[in-house]
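Going down the list, the protein sequences come from chains U and W.
The numbering used here numbers the first residue of the first sequence as 13 and each following residue consecutively.
The numbering used here numbers the first residue of the second sequence as 1220 and each following residue consecutively.
C-beta: ideal position from N, C-alpha, C; glycine also.
One structure below.
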Amino acid sequence: MSLTLCSEALSGCSGCEMSLLNAGGSSLSLLGRFDIVHMPILMDHKYFDSGGGSQEIHIPKARLGLISGGVRNAQQLRIAEKMRRQCDTIVAFGTCAAYGGIPAMMNLFEDEDLFRRYYRSAEGTDAALDPSQVIPPFLERTFALDEKIAVDFILPGCPPHPDFIASALESILEGKSPQLPLVSVCDSCPTKREGKGSAQRIRRFVKNARYQPDKPISEMRCLLDQGFLCMGPVTLAGCAGMNGGPPRCIEARVPCRGCHGPVRRGGNQIMDILNALVSNGIDTKNLADRLSLLRFSGAHGRLNRRCVQKAD
Amino acid sequence: MSDIYPGFEPKILAFTCNWCSYAAADLAGTARIQYPANLRIIRVMCSVMVHPNLVIEAFECGADGVLLMGCHPGECYYQDGNQKAKARSVAIEEVLSLMGIELERFRLVWCSSAEAEGFACLVRETDEALRVIGPSKYRKDASKYSKSELIQCL
Chain U
13 MSLTLCSEAL SGCSGCEMSL LNAGGSSLSL LGRFDIVHMP ILMDHKYFDS
63 GGGSQEIHIP KARLGLISGG VRNAQQLRIA EKMRRQCDTI VAFGTCAAYG
113 GIPAMMNLFE DEDLFRRYYR SAEGTDAALD PSQVIPPFLE RTFALDEKIA
163 VDFILPGCPP HPDFIASALE SILEGKSPQL PLVSVCDSCP TKREGKGSAQ
213 RIRRFVKNAR YQPDKPISEM RCLLDQGFLC MGPVTLAGCA GMNGGPPRCI
263 EARVPCRGCH GPVRRGGNQI MDILNALVSN GIDTKNLADR LSLLRFSGAH
313 GRLNRRCVQK AD
Chain W
1220 MSDIYPGFEP KILAFTCNWC SYAAADLAGT ARIQYPANLR IIRVMCSVMV
1270 HPNLVIEAFE CGADGVLLMG CHPGECYYQD GNQKAKARSV AIEEVLSLMG
1320 IELERFRLVW CSSAEAEGFA CLVRETDEAL RVIGPSKYRK DASKYSKSEL
1370 IQCL
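The structure is reproduced here in C-alpha cells:
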C-alpha cells in the first residue's frame, strides 16, 4: 500500500529536499511506495483556487507531512497550521525545522536592522525603501516548527544524511518511529584524544589543523585538543550516515560546526560547550566566534534581542 | 519604596551551598531576621555542582532572578568549588546576554555560615534590584505588568 506524502519548505534553503533526492538507490525503491500529493519544490501546485474565490490555502490530505525550515512569517505559519490539519504525522525535517537553524541567528537583531542591511547598507546595493508588498508580515522572531504546531518526529541535520532520511521513511512506512543516534559527534569521531585540559586556549580557525595528509583521520589529533573550537562534544552524531564513517567536517579536517543540533532534544549547545571550556580553565571571553555557537539552534528563545547592546 | 511595576512580586531562586550559605540562611531564620519571602532556596552540596544549564532552565521557566551562593573564596569545603563556580558564571552571563536577559538578574555571591545578616541583606538587595528591572520576559504573565504611570511621566 502506498503512503501519501505532503512536503513543504518554509524558512529554509531547500537543501533538505536536495538531500532527500540524493538518497540514490534507496530513494528509488522508496519512491514506488510513496504517493507524493503535494511538494511545491518538485511539482506545481496552487494554494488557491484559480477562480480566486476562497482565501483558504489548499493542501491535500496525506498520511505523512515533511516540513523543512522554521517559521518566520505569517504565510509560513498558515501553511504549517494547514499542514498539521491535513497530515496525520508531521516530521520536522532538518535542523531549521527542529531547532531554528541558520535563519534563527536573525533573532539577535531587530527586523529594522535586517531591512536596513538588505535594502540600504549592504555593499553593492542600491538603497531602496522597505518592501511593502509581496513579503508577508514577519512574526516577532524565527520559530522552530514545534513552537507553533505539534510535531511527531524530528530529523535534524543540515541537511540530514540521505541514509537517515531513507531509514526514517522506511520506519514510518512500517508504522514505527524513526530512530536517531543518541550519542554526540565525539562518540563517532576517530581522532586521537590525548587528555583533557591539554588545550590552554582556543584559537580561531585561520590556520589549518596539524595533520599528515597521507595518514587517515584516526592518526590526526583531536581538533579541540589542538585548540580549535569544535562543537563535536555538544552535537548530535549522524552526519556521516549509517555506515559509521568519521563525521563529515572532521573528515575534511575542519572542526564540527554543530549542524545536527544538541545531543538531547531541548539541550543548549552554547551553554554546554562554554561550560566545558571554562570548567577546564579556558578563557571564553576572547573566543571570537562565541556569538555564533548557536548558529544552528537559536530558536526556542535561545537567541533574543539583547537588552544591553544594540546591533550595529 | 514605591512600586515601579504595580502588583509585581519577583520570583527569586537561590542555590545555596550546604556548608556556608545554607547555614547562613538557617541562622537568619533562627535569629528571626526579616528578608523578602519571595525567595525559593534549593540546598546543594557546593556551588560548583549547580550546572549552568540549571540556571538557564530556571530563567526559561520564568524566574526573575537567580542567586548562586557559595562560601567565601578560599573557604570552600571542597577546596576550590566556588572558584570553579566563578569561572562558570562567566559562561552563564554570556548565554544570558544572548537570551536577552539582563545580567543583573543573575548573581554569584559569597556568604559564610555566620553571616545571617549578610545573607538577608543580599536577598533584600536582589529583591529591590529586580523590582526596578521588572518582570523577566520569559515569565508567562510578563505582559500583565507595566510600569506605573507615575514613573512613565518622569
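For residue 1313 of chain W, decide whether its Cβ has a neighbour in chain U, counting only Cβ atoms nearer than 9 Å. Numbered from its first residue, the second sequence carries residue 1313 of chain W at position 94. It does: the Cβ of residue 1313 of chain W has a partner Cβ on chain U nearer than 9 Å.
Mind checking who residue 1260 of chain W pairs with in its DSSP beta bridge? Residue mapping note: residue 1260 of chain W aligns to position 41 of the second sequence, counting from 1. Residue 1260 of chain W is bridged to W/1233.
Could you tell me which whole beta strand (DSSP E) segments of length 3 or greater appear in the segment 109 to 188 of chain U? Runs of beta strand (DSSP E) with 3 or more residues, each lying fully within the segment 109 to 188 of chain U, are found at 150 to 155 and 165 to 167, listed in chain order.
Apart from the five residues on each side of it in sequence, which residues of its chain come closer than 8 Å, Cβ to Cβ, to residue 1316 of chain W? Along the second sequence, one-based indexing puts residue 1316 of chain W at 97. Cβ neighbours of residue 1316 of chain W beyond the five flanking positions: 1322.
In chain U, what lies closer than 8 Å to residue 1281 of chain W by C-beta? On the second sequence, position 62 is the one that residue 1281 of chain W refers to. Going along chain U, no residue has its Cβ under 8 Å from residue 1281 of chain W, so there is no contact; the nearest lies around 11 Å.
Does the beta-carbon distance from residue 105 of chain U to residue 19 of chain U come in below 9 Å? On the first sequence, position 93 is the one that residue 105 of chain U refers to. On the first sequence, position 7 is the one that residue 19 of chain U refers to. The criterion of a C-beta distance shorter than 9 Å is satisfied by residue 105 of chain U and residue 19 of chain U.
Just curious, the beta strand (DSSP E) that residue 47 of chain U is in, first and last residue? Indexing the first sequence from 1 puts residue 47 of chain U at position 35. DSSP places residue 47 of chain U inside the beta strand (DSSP E), whose first and last residues are 46 to 50.
For a quick check, are the C-beta atoms of residue 117 of chain U and residue 179 of chain U less than 9 Å apart? As a working note, residue 117 of chain U is residue 105 in the first sequence. As a working note, residue 179 of chain U is residue 167 in the first sequence. Result no, Cβ atoms of residue 117 of chain U and residue 179 of chain U do not sit closer than 9 Å.
Quick check: is the beta carbon of residue 298 of chain U nearer than 9 Å to any beta carbon in chain W? Here the question's residue 298 of chain U lines up with position 286 in the first sequence. Chain W contact via Cβ: absent.
In chain order, what residues of the same chain lie with their CB nearer than 8 Å to the CB of residue 159 of chain U, ignoring the 5 residues before and after it? As a working note, residue 159 of chain U is residue 147 in the first sequence. Non-local C-beta neighbours of residue 159 of chain U in its own chain, meaning closer than 8 Å and more than five positions away in sequence, comprise 83, 311 and 312, ordered along the chain.
Kindly provide the ranges of any alpha helix (DSSP H) runs that are 4 or more residues long and lie completely inside the segment 1249 to 1319 of chain W, ordered along the chain. The segment 1249 to 1319 of chain W contains these whole alpha helix (DSSP H) runs: 1271 to 1279 and 1300 to 1318.
Would you check if the segment 40 to 50 of chain U and the segment 119 to 136 of chain U touch, i.e. whether three or more CB-CB distances between them fall below 8 Å? Short answer: they don't touch.
Return the chain-ordered list of same chain residues with a C-beta closer than 7 Å to the C-beta of residue 1262 of chain W, the five sequence neighbours on each side being excluded. Here residue 1262 of chain W is taken as the residue at index 43 of the second sequence, counted from 1. Closer than 7 Å at Cβ, skipping near neighbours: 1235, 1237 and 1241.
Using only CA atoms, which one of U/57, U/243, U/257 and U/212 lies nearest to residue 298 of chain U? Residue 298 of chain U sits at position 286 when you count from the first residue of the first sequence. It is U/212 whose Cα lies nearest to the Cα of residue 298 of chain U.
Which stretch, first to last residue, makes up the beta strand (DSSP E) that contains residue 83 of chain U? Taking the first sequence and counting its residues from 1, the one referred to as residue 83 of chain U is at position 71. Per DSSP, the unbroken beta strand (DSSP E) holding residue 83 of chain U starts and ends at 83 to 85.
Please state whether DSSP places residue 105 of chain U in a helix, a strand or coil. Taking the first residue of the first sequence as position 1, residue 105 of chain U is located at position 93. Shown here, residue 105 of chain U sits in a strand according to DSSP, grouped into three states.
Alpha carbon to alpha carbon, how far is residue 1246 of chain W from residue 1293 of chain W? Taking the first residue of the second sequence as 1, we reach residue 1246 of chain W at position 27. Taking the first residue of the second sequence as 1, we reach residue 1293 of chain W at position 74. Near 22 Å, if we compare the C-alpha coordinates of residue 1293 of chain W and residue 1246 of chain W.
What does a CB cutoff of less than 6 Å around residue 1264 of chain W pick up in its chain, not counting 5 residues either side in sequence? Here residue 1264 of chain W refers to the residue found at position 45 when the second sequence is read from its first residue. The answer, listed in chain order, is 1237.
Cβ of residue 1310 of chain W less than 9 Å from any chain U Cβ? Along the second sequence, read from residue 1 onward, the residue named residue 1310 of chain W stands at position 91. It does: the Cβ of residue 1310 of chain W has a partner Cβ on chain U nearer than 9 Å.
When burial is assigned at 16 or more other CB atoms within 10 Å of the CB, is residue 60 of chain U buried or exposed? Here residue 60 of chain U corresponds to residue number 48 of the first sequence, with the count starting at 1. Exposed.
Helix, strand or coil at residue 27 of chain U [DSSP, three-state]: Against the first sequence, residue 27 of chain U aligns to sequence position 15. Under the three-state reduction of DSSP output, residue 27 of chain U falls in the helix class.
Outcome for residue 1347 of chain W when other beta-carbon atoms lying within 10 angstroms are tallied against a minimum of 16: Indexing the second sequence from 1 puts residue 1347 of chain W at position 128. By the 10 Å Cβ count, residue 1347 of chain W comes out exposed.
Is it buried or exposed, residue 130 of chain U, if we count other Cβ atoms within 10 angstroms and call 16 or more buried? Your numbering for residue 130 of chain U matches position 118 in the first sequence. Residue 130 of chain U comes out exposed.
Look at residue 108 of chain U and residue 22 of chain U and say whether their C-beta atoms are less than 9 Å apart. Taking the first sequence and counting its residues from 1, one reaches residue 108 of chain U at position 96. Taking the first sequence and counting its residues from 1, one reaches residue 22 of chain U at position 10. Using a Cβ distance threshold of 9 Å, residue 108 of chain U and residue 22 of chain U count as a contacting pair.
Quick check: is the beta carbon of residue 1271 of chain W nearer than 9 Å to any beta carbon in chain U? Residue mapping note: residue 1271 of chain W aligns to position 52 of the second sequence, counting from 1. Cβ-Cβ to chain U under 9 Å: yes for residue 1271 of chain W.
My guess is that residue 315 of chain U and residue 306 of chain U are in contact by the Cβ rule of under 8 Å, so how many angstroms apart are they, rounded? As a position in the first sequence, residue 315 of chain U is number 303, starting the count at 1. As a position in the first sequence, residue 306 of chain U is number 294, starting the count at 1. Indeed, because the Cβ distance is near 6 Å, the residues count as touching under 8 Å.
Kindly indicate the opening and closing residues of the beta strand (DSSP E) around residue 1330 of chain W. As a working note, residue 1330 of chain W is residue 111 in the second sequence. Following the DSSP letters along the chain, one finds residue 1330 of chain W in no beta strand (DSSP E), marked with neither H nor E.
What is the rounded straight-line gap between the Cα of residue 303 of chain U and the Cα of residue 66 of chain U? The residue you call residue 303 of chain U lines up with position 291 of the first sequence. The residue you call residue 66 of chain U lines up with position 54 of the first sequence. Cα to Cα, the separation comes out at about 45 Å.
Is any beta-carbon of chain W found at less than 9 Å from that of residue 321 of chain U? Taking the first residue of the first sequence as position 1, residue 321 of chain U is located at position 309. Any reading at residue 321 of chain U must be qualified, since the residue scores a pLDDT of 46, below 50, and its modelled position is unreliable; the value itself is stated next. In terms of beta-carbon proximity, residue 321 of chain U lines the interface with chain W, with at least one pair separated by less than 9 Å.
Looking at the C-beta of residue 1230 of chain W, does it have a partner C-beta in chain U at a distance below 9 Å? If you number the second sequence from 1, residue 1230 of chain W lands on position 11. By this cut-off, residue 1230 of chain W is not an interface position.
Where are the beta strand (DSSP E) runs, 3 residues long or more, that stay fully inside the segment 232 to 261 of chain U, in chain order? Listed in chain order, nothing qualifies, since the segment 232 to 261 of chain U has no complete beta strand (DSSP E) run of 3 or more residues.
Cβ neighbour criterion (16 or more within 10 Å) applied to residue 94 of chain U: The count along the first sequence starts at 1 and reaches residue 94 of chain U at position 82. Counting of Cβ neighbours within 10 angstroms places residue 94 of chain U among the buried residues, the total reaching 16 or more.
Residue 79 of chain U (DSSP reduced to helix, strand or coil): Walking along the first sequence from the start, residue 79 of chain U turns up at place 67. It is a strand residue.
Restricting to Cα atoms, I'd like to know which of W/1283, W/1340 and W/1370 is closest to residue 1356 of chain W. In the second sequence, residue 1356 of chain W corresponds to position 137, counting from 1. For residue 1356 of chain W, the closest C-alpha among the options W/1283, W/1340 and W/1370 is that of W/1283.
Report the option in U/123, U/103 and U/125 whose CA atom is closest to the CA atom of residue 192 of chain U. Here residue 192 of chain U corresponds to residue number 180 of the first sequence, with the count starting at 1. Ranking the options by Cα distance to residue 192 of chain U, first place goes to U/103.
List, in order along the chain, the chain W residues whose C-beta lies closer than 9 Å to that of residue 132 of chain U? Taking the first residue of the first sequence as 1, we reach residue 132 of chain U at position 120. Under the 9 Å cutoff, chain W gives no residues; its nearest Cβ is about 25 Å from residue 132 of chain U.
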